[in-house]
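Sequence positions in the sequence shown follow UniProt numbering and run 1 to 1126.
From the three backbone atoms N, C-alpha and C, an ideal C-beta is built for every residue, glycine too.
All of these numbers come straight from a predicted model, not from anything done at the bench.
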Amino acid sequence: MRIGEKIGQNSSLTQHSYIQGVSGVLSFANTYLNKSRDSLQVIQVGITPSSAGSAGDLQPECQDSPPFFRQPPHNTQHANRKSNQAISDQIAPARTAMVSSHPQAGSSNPVEMQLDQSTIDESLYSRQLYVLGHDAMQKMANSDVLIVGMKGLGVEIAKNICLAGVKSVTIHDPAPTCKADLGTQFFLRDSDIGKPRDQSTQPRLAELNSYVPVRTLGAELTKDILKSFQVVVFTNTPLSKQLEFNDFTHQNGVKFISTDVRGLFGSVFCDFGADFIVLDATGEQPVSGMVVSIENSSEGLVTTLDESRHGLEDGDYVTFTEVEGMDALVQGEPRKVIVKGPYTFTIGDTTSLGNYKKGGWFHQVKQPQVLQYKSLRDSLPQPEFLITDFAKFDRPAVLHTGFQALSQFQETHGRLPKPRNVGDAELFLKIAQEIHKADDELPKEVLTELAYQAVGELAPITAVIGGYVAQEVLKACSGKFHPTFQYLYFDALEALPTELPTEADVQPIGSRYDGQIAVFGNQFHQKISNYRQFLVGAGAIGCEMLKNWAMMGLSAGPEGKISVTDMDSIEKSNLNRQFLFRPRDLGSFKSEAAPRAVTEMNPDLQGKIQSFQEAVGDRTEHIFGDDFFDHLDCVTNALDNVLARQYMDRRCVYYEKPLLESGTLGTKANVQVVLPHLTESYSSSQDPPEKEAPMCTVKSFPNIIEHTIQWAKERFSEFFAKPAETINQYLTIPNYIETLRQGGNPIEQINQIKEFLVDSRPTNFADCVRWARLKFELEFNNEIRQLLHSLPRDLITKEGVPFWSGPKRAPEPINFNLDDPQHVTFIIAAANLLAFNYGIKGDRDPSAVNKMVSTIKVPEFSPRAGLQIQVKDDEPVNNQASGGEDQQEIMAKLPKPEELSGLKLYPCEFEKDDDTNFHMDFITAASNLRAINYSIAPVDKHRTKLIAGRIIPAIATTTALATGLVCIELYKIIGKKDKLESYKNGFVNLALPFFGFSEPIAAAKNKYYDTEWTLWDRFNIDYDITLQELIDFFRKDKKLEVTMLSSGVSMLYSSFMAKKKVEERLKMKMSELVEVVSKKPIPPHVKAMIFEVMVNKTEAEGNGNEDEDDEDQDVEVPYLKIRIRP
1 MRIGEKIGQN
11 SSLTQHSYIQ
21 GVSGVLSFAN
31 TYLNKSRDSL
41 QVIQVGITPS
51 SAGSAGDLQP
61 ECQDSPPFFR
71 QPPHNTQHAN
81 RKSNQAISDQ
91 IAPARTAMVS
101 SHPQAGSSNP
111 VEMQLDQSTI
121 DESLYSRQLY
131 VLGHDAMQKM
141 ANSDVLIVGM
151 KGLGVEIAKN
161 ICLAGVKSVT
171 IHDPAPTCKA
181 DLGTQFFLRD
191 SDIGKPRDQS
201 TQPRLAELNS
211 YVPVRTLGAE
221 LTKDILKSFQ
231 VVVFTNTPLS
241 KQLEFNDFTH
251 QNGVKFISTD
261 VRGLFGSVFC
271 DFGADFIVLD
281 ATGEQPVSGM
291 VVSIENSSEG
301 LVTTLDESRH
311 GLEDGDYVTF
321 TEVEGMDALV
331 QGEPRKVIVK
341 GPYTFTIGDT
351 TSLGNYKKGG
361 WFHQVKQPQV
371 LQYKSLRDSL
381 PQPEFLITDF
391 AKFDRPAVLH
401 TGFQALSQFQ
411 ETHGRLPKPR
421 NVGDAELFLK
431 IAQEIHKADD
441 ELPKEVLTEL
451 AYQAVGELAP
461 ITAVIGGYVA
471 QEVLKACSGK
481 FHPTFQYLYF
491 DALEALPTEL
501 PTEADVQPIG
511 SRYDGQIAVF
521 GNQFHQKISN
531 YRQFLVGAGA
541 IGCEMLKNWA
551 MMGLSAGPEG
561 KISVTDMDSI
571 EKSNLNRQFL
581 FRPRDLGSFK
591 SEAAPRAVTE
601 MNPDLQGKIQ
611 SFQEAVGDRT
621 EHIFGDDFFD
631 HLDCVTNALD
641 NVLARQYMDR
651 RCVYYEKPLL
661 ESGTLGTKAN
671 VQVVLPHLTE
681 SYSSSQDPPE
691 KEAPMCTVKS
701 FPNIIEHTIQ
711 WAKERFSEFF
721 AKPAETINQY
731 LTIPNYIETL
741 RQGGNPIEQI
751 NQIKEFLVDS
761 RPTNFADCVR
771 WARLKFELEF
781 NNEIRQLLHS
791 LPRDLITKEG
801 VPFWSGPKRA
811 PEPINFNLDD
821 PQHVTFIIAA
831 ANLLAFNYGI
841 KGDRDPSAVN
851 KMVSTIKVPE
861 FSPRAGLQIQ
871 VKDDEPVNNQ
881 ASGGEDQQEI
891 MAKLPKPEEL
901 SGLKLYPCEF
911 EKDDDTNFHM
921 DFITAASNLR
931 AINYSIAPVD
941 KHRTKLIAGR
951 IIPAIATTTA
961 LATGLVCIEL
971 YKIIGKKDKL
981 ESYKNGFVNL
991 ALPFFGFSEP
1001 IAAAKNKYYD
1011 TEWTLWDRFN
1021 IDYDITLQEL
1031 IDFFRKDKKL
1041 EVTMLSSGVS
1051 MLYSSFMAKK
1061 KVEERLKMKM
1071 SELVEVVSKK
1081 PIPPHVKAMI
1091 FEVMVNKTEA
1101 EGNGNEDEDD
1111 EDQDVEVPYL
1121 KIRIRP
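If you want it as structure tokens, here you go:
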């Protein structure tokens, strides 16, 4: 699996095989870096009160970090000062607050209500729960978090944590807001300039999640206060203060994170204590598989069914179930695995466990890991790094020294190095070399850029580091996923313009973009502001992308424009990860609400964003056509399905526009860059198709819960969707049955009409309950008894082995029991769904339904003799019963459509996210009852919804990081970098954590004669020519003979076409020819047309190796594009 494999599509994807071996690579990296640790010396600096928090020359009043030694501003000092005990009292009570109504920006605190700690709002957190799980969410709901520093990085972390749902978030940064803060701090406004950052930010953070109280500290930050929190995060904090506070947190069991961003650089340090327990290092679903044999030996070799790989790794632990002959193994402790092959592994000595007979399943068991973190003081001289880019393998050690040198420079000079100032950079390099204390010189180019960019702050970098750190906070709270151990350094220096800015060009101009100008220069910023961008999708990725663009000032200039389209409206489950939306936006179009929100963040975008509520596709090319794309510079996808991605990919190739593609799946994210005439396109590589379960397995031989859920979903459609649709067509379409007969045998539809209009048509809710009770008996008792009648438990195959063995599990019928909640749930859900079909009022009261059920008489079951069961998909069976009703007899019993005038049924269109519509209740109950039939472990409704709804799990942290990486690549595209090595496709897994970057794959080259071409090339003709002129063009200019020409499905010309027809067409212009052959007019919005051409060479290759067969040989060439209108 290559880096950059696409994630977040509408199929279930795993990166398991790709991730294997990553730990070994990281181990090698750390071993390599250990060799140079002795050369690292730490200088612990002390920041004086006068220098603390200076941000260089961005603006004199701009504080880089919270002023630890300053008193709060005079106007808030008395109002907000609290004692340490008061802070502790405020945070300590173990409760989750719920806001009754969302506060407006500017309010101080949400209206809080007591909420049971065990309560999790699944409608809000549904997508996140699939990533983190209920246990981790409960631990998060008991965690108070402090974030120090509310510039761009701090607010990004806070935003993601609030969305995730911790117990409370407290922020601290009483420094006054300055203009440059607005370039990354999306919750500050012009009206906040001069006011404390934390007070201005708090009400806007509080709006994000009504279950998470957001407070300002309102007091000087002291060590004792830290005891009130489970996790503390320090951003842009002087090293001396980091050391002081971390010494305290390490000794007192408080998880500590410090993080910083400087221009295109970022750093993270984590200390989660001496004995931090990781409950689930990867977050992947534990694997299970069927056992074929287990050796009774000292090694204990286990062989699994060869239908799929077992998916285990060395060091995993497994337990066993249903193994006959080895009861001690089934009842024993988890066994450690050593992998021997894709279908074999060993579990250690099994000689005392008995002899394997048959059957069995293995189940992976996650084992806790204990991590021994060192304090910051101990880690500085002996750092352990997480490598973020293996192409920059030595970079972490260099930046480790560089960030220390920045702190000492700040202590000495009371400020950070000035942007692009050579003198300051030289002083900085001298400090860095002194810290390094080794014979070899540090790489000056990297460190010089760190000095040059130190006062800069970029929204894409704060998004990357902020998303990453927020996930580390959640790990610290929950023990879910493997945390950073212990340092991470990140940089994106390749994003700098090819022509670096001058010192004069990077000077602050009193603008909100001064942080970006300090890195890229004002000239480059003007290119950013006049860029023209198309965003396809305004969901989770789209919201984060728009926020980043607003902070960057993308398209805010006189020539700039952002177009965004999304046809979806906002639902409650969106609020957990699509942070631009609030409860007041529910029901609004995403493409309208999102631009409105970012325009409030940056008023420069007023009138610069055009919103559409259209899906991209063939039917909207009159909107997103030639004129639209001609005025674009770049396209960014924020889509959640493959077909739309592939469509946009084709359009970008056609219009020769760069495309930025990204996707997320839980903690995983990928970014792909598609560049005209440089890279392959998105569609050039395909993910393997999702493996589908055989139909006969789902129907008769399920062995995993996915099979029973698929069966239940099919039953939902067969009971409550298809019959209603068929009956409506029967009632409204004249001669409907005759029309069906023309297409084949309509017996299935005729039987549906008979059952739902004659045999089982309900007139009241009691009839619906009776129908549901009989369906229960049919599906979970009678059909199972029939299956065992046709295929007895003791059946032996012609190969001499038991039929019910291996993946086939012999089922057990279920006897209905009114005291079983699962049974009653099925009846209530099925009855109410049928009632909905017929417009009958339902009833949710279990006691009322139970009373109706108790009076129903269920007919005795009598098995059908000779009924055949399909065992393999490619071996159909014929069960046409002799003497049964034929079509004519059934038709005679059907009421005439005119006799049912006014009757209309209401099909159930599956909707997974409505907990009141009984859809998931039915599917969960039906699936679990089916699972009980086959001795498969049932699952809850939440898990069933994930599988049945094909939900893509999502969390805000991954989305934020992914969009940050996309925007880094956007900087490069704006800078028109023309070398493939300047760009990076990326794959990230925040659970491990793991970063993988690679150059985009170059576009594949084809060739005719000596001309090379790729998918980006085409033959361009700028006017509407005749067919004869086109043939002459290829013959004379390209030495190619046209043998066939088509447009879409229309064949326009071929060498074997009748001579008279050819002569008629040769005189026609291409536009006329298309309209004549297709019998359709060319839409007025179409200015150019595509033609597929098949050609032969008219002469041999001139390479000295001429072959007579070269002439008249078919050769592949690009398509032809002809402009038919100006």
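Which ranges does the alpha helix (DSSP H) cover as unbroken runs of at least 4 residues, wholly within the segment 1002–1074, from first to last along the chain?
Counting only runs of 4 or more, we get 1027–1032, 1059–1066.
Name the one or two DSSP bridge partners that Met326 has.
Taking the sequence shown and counting its residues from 1, one reaches residue 326 at position 326. In the DSSP output, where bridge partners are listed per residue, Met326 has none listed.
Compare the beta carbon distance of Ala495 and Lys872 with 7 Å and say whether it is the shorter of the two.
Numbered from its first residue, the sequence shown carries residue 495 at position 495. Numbered from its first residue, the sequence shown carries residue 872 at position 872. Not a contact, by the Cβ cut-off of 7 Å.
Is there contact here, the segment 557–577 with the segment 605–619, by at least three beta-carbon pairs under 8 Å?
Result yes; three or more Cβ-Cβ pairs closer than 8 Å.
Given that a residue counts as buried once 16 or more other Cβ atoms are within 10 Å of its Cβ, and exposed if not, what is Glu1012?
Translated into positions along the sequence shown, residue 1012 becomes position 1012. So Glu1012 ends up on the exposed side.
Drop a sphere of 10 angstroms on the beta-carbon of Lys573, count the other beta-carbons inside from all chains shown, and report buried for 16 or more, exposed for fewer.
Taking the sequence shown and counting its residues from 1, one reaches residue 573 at position 573. For the sequence presented, residue 573 should be read as Ser rather than Lys. Ser573 should be labelled buried.
At what residue ranges does the segment 147–216 contain a whole run of the alpha helix (DSSP H), taking only runs of 4 or more?
You should have 152–164, 197–206.
According to DSSP, Trp361 sits in a beta bridge with which residue or residues?
What you label residue 361 is simply residue 361 of the sequence shown in a count that begins at 1. DSSP output for Trp361 lists Met290, Thr321 as bridge partner(s).
Starting from the Cα of Glu860, find the closest Cα among Glu1099, Thr664, Leu774, Cys270 and give me that residue.
For the purposes of this step, residue 860 is taken as the residue at position 860 of the sequence shown. Ranking Glu1099, Thr664, Leu774, Cys270 by Cα distance to Glu860 puts Leu774 first.
Would you report the Cα separation of Arg309 and Met326, rounded to the nearest angstrom?
For the purposes of this step, residue 309 is taken as residue 309 along the sequence shown, with counting starting at 1. For the purposes of this step, residue 326 is taken as residue 326 along the sequence shown, with counting starting at 1. Arg309 and Met326: Cα-Cα distance of roughly 23 Å.
Taking the straight line between their C-alpha atoms, what separation do you get for Ile47 and Ser407?
Start at 1 with the first residue of the sequence shown, and residue 47 comes out as number 47. Start at 1 with the first residue of the sequence shown, and residue 407 comes out as number 407. Confidence at Ile47 is low in this model, with a pLDDT of 32, below 50, so its placement is unreliable and the value that follows should be read with caution. Approximately 8 Å, taken between the alpha carbons.
Answer with buried or exposed for Pro60, where buried requires no fewer than 16 other C-beta atoms within 10 angstroms of its C-beta.
Along the sequence shown, read from residue 1 onward, the residue named residue 60 stands at position 60. With a pLDDT of only 37 at Pro60, under 50, the local geometry of the prediction cannot be trusted, and the value read off the model is given with reservation. The residue is exposed, with fewer than 16 neighbouring Cβ atoms inside 10 Å.
Consult DSSP for Glu457 and reduce its assignment to one of helix, strand or coil.
Walking along the sequence shown from the start, residue 457 turns up at place 457. Looking at Glu457 - three-state DSSP - the assignment turns out to be strand.
Identify, in the order they occur along the chain, each residue of the same chain with its Cβ nearer than 7 Å to the Cβ of Tyr906, setting aside the five sequence neighbours on each side.
Locating residue 906 in the sequence shown gives position 906, counting from the first residue. If we look at Tyr906 and ignore the five residues flanking it on each side, its Cβ neighbours are Ala724, Phe836, Asn837, Gly839.
Determine the closest residue to Ala219 out of Asp198, Phe1034, Ala518, Ser210, with distance taken between C-alpha atoms.
As a position in the sequence shown, residue 219 is number 219, starting the count at 1. Among Asp198, Phe1034, Ala518, Ser210, the Cα nearest to that of Ala219 is on Asp198.
Out of Glu911, Asp886, Ser685, Pro762, which one is the CA nearest neighbour of Asn745?
By 1-based counting over the sequence shown, the position of residue 745 is 745. Of the listed residues, the one whose Cα sits closest to Asn745 is Asp886.
By a C-beta neighbour count over all protein chains shown, 10 Å radius and 16 as the cutoff for buried, is Lys857 buried or exposed?
Stepping through the sequence shown from its first residue, residue 857 is reached at position 857. With fewer than 16 Cβ atoms within 10 Å of its Cβ, Lys857 is classed as exposed.
Could you tell me which of Asn989, Gly253, Lys1038, Asp759 sits nearest to Asn1096, measuring between CA atoms?
Here the question's residue 1096 lines up with position 1096 in the sequence shown. The shortest Cα separation from Asn1096 among Asn989, Gly253, Lys1038, Asp759 belongs to Lys1038.
Among Gln686, Val169, Lys893, which residue has its Cα nearest to the Cα of Val155?
As a working mapping, residue 155 is identified with position 155 in the sequence shown. Out of Gln686, Val169, Lys893, Val169 has the C-alpha closest to the C-alpha of Val155.
Per the DSSP calculation, Gln610 is bridged to which residue(s)?
Reading the sequence shown from its first residue, position 610 is the one you call residue 610. DSSP output for Gln610 lists Ser563 as bridge partner(s).
Who pairs with Cys270 in a beta bridge, going by DSSP?
Counting from one through the sequence shown, the residue named residue 270 turns up at place 270. In DSSP, Cys270 forms a bridge with Ile257.
Write down every uninterrupted run of the beta strand (DSSP E) in the segment 663–721 whose length is 3 residues or greater and which is fully enclosed by it, in chain order.
Runs of the beta strand (DSSP E) inside the segment 663–721: 668–674.
For a test of the three-state rule: what should DSSP assign to Ala638, helix, strand or coil?
What you label residue 638 is simply residue 638 of the sequence shown in a count that begins at 1. DSSP places Ala638 in coil when its eight states are reduced to three.
Taking the beta strand (DSSP E) that Leu900 falls in, what are its first and last residues?
Numbered from its first residue, the sequence shown carries residue 900 at position 900. Unbroken run through Leu900: none, as it is neither H nor E.
Give the DSSP bridge partners of Arg262, in chain order.
By one-based count along the sequence shown, residue 262 stands at place 262. Partner(s): Phe265.
Since Ser1047 contacts Val1074 with CB under 8 Å, what's their CB separation in whole angstroms?
On the sequence shown, position 1047 is the one that residue 1047 refers to. On the sequence shown, position 1074 is the one that residue 1074 refers to. Going by Cβ atoms, the distance from Ser1047 to Val1074 rounds to 5 Å, so yes, they are a contact pair.
So, at 6 Å on beta carbons, what are the nonlocal neighbours of Asp389 in its own chain, with the 5 sequence-adjacent residues on each side left out?
Here the question's residue 389 lines up with position 389 in the sequence shown. Within the same chain, Asp389 has close Cβ partners Phe997.
Within a Cβ cutoff of 6 Å, which residues of the same chain sit near Leu26, ignoring the five residues on either side of it in sequence?
Locating residue 26 in the sequence shown gives position 26, counting from the first residue. Only weak support is given to the placement of Leu26: the predicted model assigns it a pLDDT of 38, under 50, and the question is left unresolved by the model.
Suppose contacts are defined by Cβ-Cβ distances below 7 Å. Is Asp271 in contact with Ser191 by that definition?
In the sequence shown, residue 271 corresponds to position 271, counting from 1. In the sequence shown, residue 191 corresponds to position 191, counting from 1. No. Outside cutoff.
According to DSSP, simplified to helix, strand and coil, what is residue 1137?
Absent from the model: residue 1137. The displayed extent of the chain is 1 to 1126, so no value can be given.
First and last residue of the alpha helix (DSSP H) that includes Ile747?
Counting from one through the sequence shown, the residue named residue 747 turns up at place 747. 747–754 is the span of the alpha helix (DSSP H), which, as asked, contains Ile747.
Apart from the five residues on each side of it in sequence, which residues of its chain come closer than 7 Å, Cβ to Cβ, to Lys195?
In the sequence shown, the residue the question calls residue 195 occupies position 195. Counting only Cβ-Cβ distances below 7 Å, and skipping sequence neighbours, we find Pro176, Thr177.
Measuring straight from C-alpha to C-alpha, what distance separates Cys757 and Gln672?
Locating residue 757 in the sequence shown gives position 757, where the first residue counts as 1. Locating residue 672 in the sequence shown gives position 672, where the first residue counts as 1. First, the residue type needs correcting, since residue 757 is Leu and not Cys in the sequence shown. Answer to the nearest angstrom: the Cα atoms are 54 Å apart.
Could you tell me how far apart the beta carbons of Phe485 and Leu399 are, in whole angstroms, since I believe they sit closer than 8 Å?
As a position in the sequence shown, residue 485 is number 485, starting the count at 1. As a position in the sequence shown, residue 399 is number 399, starting the count at 1. Not quite, the Cβ-Cβ distance comes to about 17 Å (not below 8 Å), so this is no contact.
Spatial neighbours of Asp275 within its chain, please: C-beta separation below 6 Å, excluding the five flanking residues on both sides.
Here residue 275 corresponds to residue number 275 of the sequence shown, with the count starting at 1. Cβ within range, chain order: Val370.
Please classify Met1051: is it buried, with 16 or more other beta-carbons within 10 angstroms of its beta-carbon, or exposed?
The residue you call residue 1051 lines up with position 1051 of the sequence shown. Exposed, because fewer than 16 other Cβ atoms sit within 10 Å of the Cβ of Met1051.
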